[in-house]
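Quick note: the sequence shown uses full-length UniProt numbering, first residue 1, plus one each step.
For glycine and all other residues, C-beta sits at the position ideal for the given N, C-alpha and C.
The next block holds one structure in the form of structure tokens; read it before the comments.
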Amino acid sequence: MDLISGLGFPGALPDWTNLNVLHRNTLAPRAHFYSYASEDAALSFDRYQSEYLSLNGTWKFHYDQSPFEAPIWETANTTSWNDIEVPGMWQRQGYGYPHYTNIDYPFPVTPPNVSYVNPTGSYWREFEIPEDWDEDQQIRLRFEGVDGAFHVWVNGEEVGYSQGSRNSHEFDITDYFTPGEANTLAARVYQWSDGSYIEDQDQWWLSGIFRDVYLIPFPRSSIVDYQVNTYVDDTFSSGTVRLNTTIQGDPGNTTVKLLSPTGDTLDEWTGASSAIYEHTLAGQDFHLWSAETPTLYTLLVTFNGRTISQRIGLRRVEIVGSNFHVNGKPITIYGVNRHEHNALSGRTVPYANMRADLIRMKRSNINTIRTSHQPPHPDFFDVADELGFYVISEADLECHGFGKVEETDEKAAEWTSDNPEWEDAYIDRAHALVERFKNHASVIIWSLGNECFYGRNLDAMTTWIRQRDPSRIIHYEPDRNATSVDMYSQMYKSPTSVREWVGNHTDKPFILCEYAHAMGNGPGGLKEYIELFRSEPLVQGGLVWEWSNHGLLKKEGDLEYYAYGGDFGDEPNDADFIMDGLTLSDHTPMPSLIEYAKAIQPITVVLSEDGHQMVVTNHYDFLDVNWLDASWHIIQDGQDPTSPRPLDLGSIPAGEQRTLALPTGNSTLSGEAWVTVEFALKNDTIWAEKGHIIAWDQLHVNAPAPAANRTARAAS
């Protein structure tokens, strides 16, 4: 039955403006995974070799200014509709217009009510179930991201409703399709919903089915969820892998294989599906995961003819005293905030672009990414695990706009964050976040959201997350006194003010979740901030705002340019405040990224106080400098640089330093001279080739003679 014919106008409250309806007929949030017909296929980690049918591609599309003007499926003539590409944002395909605000809501602020003038996109396509899929299976329809809320129909029957733009949504459509025939799938997407009030992030307002859509068959008896936990002992010499599976249907036996980082079988176990698998690794089989050493094992889990593959990392995250530790050490975050952005397609980001971004971050010495301010595509976490990043994984939650309609944060919080009527909506965001990404080693911190003020619903999120996943720590910047979360967090404070803060708040660690705003020719003061991070034990780093400009490519005749707020006639807007990245809108590095990479380089070399030696400091948390090749050469005024020569530093463990003789060799220094010391990759990695320079410094070893002396020598 169609939504409109069922509700009438406006006789009943639509789901998209009903705070009591977050979802209809959706399946419970779960870990993100694919299942395969064989172990070999599972080891490909290629979803196209899994039991999977992509529904990406060309759909039919109809655009209206209100849900009540949208076509009724029973009478719609979709052959006359236009084509649209899925995934994609409809504003980037000729419908409506992009709208940029930093804080303001671009619609009337009357939560949870939503105007009936609400741009709506109707999507339609046909699909057939593959012939080789067993008919006695549950068929699930999964959307990885729909902005903002939507209803779904299969063969004209309403299946359900969901909201939460950057979260996944899954429906059981087993009873709605006909095997062996063409079936129809339709979705009606509403630009605004009551959920939009808590999705007020500093980014473009864009709409549509913007991530993958696909079908996945689950046998009637199958694994529908699983959780992998790793436990590292107090000596950090052994670790235990623990796997718990959730089964639907009849129980049976589960087979688990644990593979080493090189693919060798370390353990094989068969047991009841209700049993918990456990295996301890020690000795040569034991390797810790960190951002510096991202060593991954593989679990193969087989039940009822289907195999799931999951890469896992052994690591321990905890609060120790007033610091957070990874693998027994307080780490320093050298991070960046990353929105999902593509200049052509908005928040629809191709895998290759995402991976290229993370490789560039890795090559720039960045070790931490905050997923500001919502969950990214699930593929992001696989790459973060593999390349080696710490991830602050943030819920799809922000309601900054209430600060524009109230005089105080406390009053602003009363709209949603401190309003008990919104508690379920807030916990729903935490639930979706944690369940989807709980099995990733890279995720060390859950973040409740961004700029939602502070209130009871944030406390409720913290309580829920602690009960569900005590293995990670929790962050939320507006909890300024860290009442319920595990760390203090602030934005854009000067090094001096941060030192004052930690001097008066010594009970918990501190990070700058945003600093060094990179707009224009910024960021500034990087040297001072990094000195702060490396000198104050309670200050455990920070994350630059932000990775990339958000310009959208716009064409006007023969002119092409990267547009910002107001360039599409969008009002109100915050103009070019969206252009604040370390990279340009096409993700070309800015000089600021080169400066940041230099400022946070993990090895520094300075002259000793007497000027006759050099001091090499290893700022890594875990690695010895001997994993790199060190070299030196001399640059002198008026001469060609000398050829690089190897520099034997021996071992300098993480966090330590050595004082060494200046490596000038037999060189005769005349005039102004500098010794350049470089540290480069000794071997190829998956993110850079051998020879890539990680760190470098120049030491001023011979200053030019004063001008008067030079003149006297010339006269003589």
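Short check: CB of residue i to CB of residue j, under 7 Å?
i: Y52; j: Y34; result: yes
i: I392; j: I445; result: yes
i: W632; j: P663; result: yes
i: Y488; j: F453; result: no
i: P378; j: H32; result: yes
i: L243; j: V228; result: yes
i: G305; j: S273; result: no
i: S322; j: K438; result: no
i: V383; j: R355; result: yes
i: L206; j: M89; result: yes
i: I333; j: G541; result: yes
i: P572; j: D202; result: no
i: S548; j: T588; result: no
i: H687; j: I369; result: One detail in the question is off: residue 687 reads as Trp in this sequence, not His. No, these two residues do not count as a Cβ contact at 7 Å.
i: V224; j: Q248; result: yes
i: P106; j: S115; result: no
i: Y63; j: G121; result: yes
i: A282; j: S222; result: no
i: A41; j: W289; result: no
i: R429; j: D396; result: yes
i: E126; j: T184; result: yes
i: W81; j: Y123; result: no
For residue i, count neighbouring Cβ atoms within 10 angstroms of its own Cβ and tell me buried if that reaches 16, exposed if not.
i: E386; result: buried
i: H400; result: buried
i: G208; result: buried
i: P67; result: buried
i: residue 728; result: A query on residue 728 cannot be resolved here, the shown segment of the chain reaching from 1 to 716 and no further.
i: I331; result: buried
i: A661; result: exposed
i: H431; result: buried
i: residue 717; result: Because residue 717 is not part of the residues shown, which for the chain are 1 to 716, the question remains open.
i: I603; result: buried
i: I530; result: buried
i: G565; result: buried
i: A352; result: exposed
i: V263; result: With the sequence shown as reference, residue 263 is identified as Gly, and Val is not the correct amino acid for it. Under this definition G263 is an exposed residue.
i: T348; result: buried
i: R710; result: Residue confidence for R710 is low, a pLDDT of 44 falling below 50, so the modelled location carries little weight; the figure read from the coordinates is stated next. R710 is exposed by the Cβ-count criterion.
i: L258; result: buried
i: T307; result: buried
i: T483; result: exposed
i: A599; result: buried
i: N504; result: exposed
i: Y277; result: buried
In the DSSP output, which residue or residues are listed as bridge partners for residue i?
i: D64; result: T120
i: R311; result: T298
i: G263; result: DSSP output for G263 lists no bridge partner at all.
i: P29; result: According to DSSP, which records beta bridges pairwise, P29 is partnered with nothing at all.
i: L543; result: G335
i: G160; result: V152
i: Y562; result: L553
i: W204; result: Y100
i: T617; result: T604 and Q657
i: N167; result: Paired residue(s): none; N167 is not in a bridge.
i: E278; result: R242
i: V625; result: Paired residue(s): none; V625 is not in a bridge.
i: W90; result: According to DSSP, which records beta bridges pairwise, W90 is partnered with nothing at all.
i: N183; result: F127
i: Y190; result: T120 and A149
How many whole angstroms separate the CB atoms of residue i and residue j, which I take to be in contact at a CB cut-off of 8 Å?
i: T26; j: G160; result: 6 Å
i: Y100; j: W204; result: 5 Å
i: I216; j: R140; result: 5 Å
i: T150; j: R188; result: A quick correction: the sequence has Phe, not Thr, at residue 150. Confirmed, Cβ separation roughly 6 Å.
i: P641; j: I635; result: 5 Å
i: D629; j: A680; result: 5 Å
i: E394; j: N450; result: 7 Å
i: T245; j: T255; result: Rounded, the Cβ-Cβ distance is 11 Å, inconsistent with contact.
i: E157; j: Y176; result: 5 Å
Against chain D, with Cβ distances strictly below 7 Å, would residue i count as a contact?
i: Y176; result: You won't find chain D in this structure, because it holds only one protein chain.
Segments of 4+ residues assigned as alpha helix (DSSP H) that fall wholly inside the segment 459-527:
Runs of the alpha helix (DSSP H) inside the segment 459-527: 495-504.
Enumerate, from N- to C-terminal direction, the unbroken alpha helix (DSSP H) stretches of 4 or more residues contained entirely within the segment 377-436.
For the segment 377-436, whole alpha helix (DSSP H) runs of length 4 or above, ordered along the chain, are 379-387 and 409-413.
List, from N- to C-terminal side, the beta strand (DSSP E) runs of 3 residues or more that fit wholly inside the segment 217-270.
Counting whole runs of 3 or more residues, the segment 217-270 contains the beta strand (DSSP E) stretches 222-232, 238-248 and 253-259.
Output the residue ranges of the beta strand (DSSP E) runs that lie fully inside the segment 575-609 and measure 3 residues or longer, sorted by chain position.
For the segment 575-609, whole beta strand (DSSP E) runs of length 3 or above, ordered along the chain, are 603-607.
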